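Counting along the sequence shown from 1, when you hit position 37 you're at 68 in the numbering used here, and nothing is skipped either side. This report refers to the structure that appears directly beneath it.
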Amino acid sequence: MPGTQSSPTRDDLNDAIRALMDQVFERRGVQAAADLDECARSWQAAYTRDPVRRACQPPPVP
Numbered sequence: 032m033p034g035t036q037s038s039p040t041r042d043d044l045n046d047a048i049r050a051l052m053d054q055v056f057e058r059r060g061v062q063a064a065a066d067l068d069e070c071a072r073s074w075q076a077a078y079t080r081d082p083v084r085r086a087c088q089p090p091p092v093p
């Protein structure tokens, strides 16, 4: 139903990021997982409005 879902929590977001990292690690190896980890850190920093890390851009998607 529209409007009844709550916003995702930090734990929900962390779980989703971990699941994506697991998939990437299995499919593309260590470098891809490291790239996604850096992207996730950048995204989380922006989410928490950390002005230092917010300026860091995630790596381009291949």
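From the three backbone atoms N, C-alpha and C, an ideal C-beta is built for every residue, glycine too. Note that the structure is a prediction, hence the values are computed from the model and not measured.
Beta-carbon proximity of residue i to residue j, cut-off 7 Å
{"i": "Ala65", "j": "Met52", "result": "no"}
{"i": "Val55", "j": "Leu67", "result": "yes"}
{"i": "Ala77", "j": "Ile48", "result": "no"}
Three-state secondary structure assigned by DSSP to residue i
{"i": "Ser38", "result": "coil"}
{"i": "Arg85", "result": "The predicted position of Arg85 is uncertain, since its pLDDT is 47 and thus under 50; no value can be drawn from it."}
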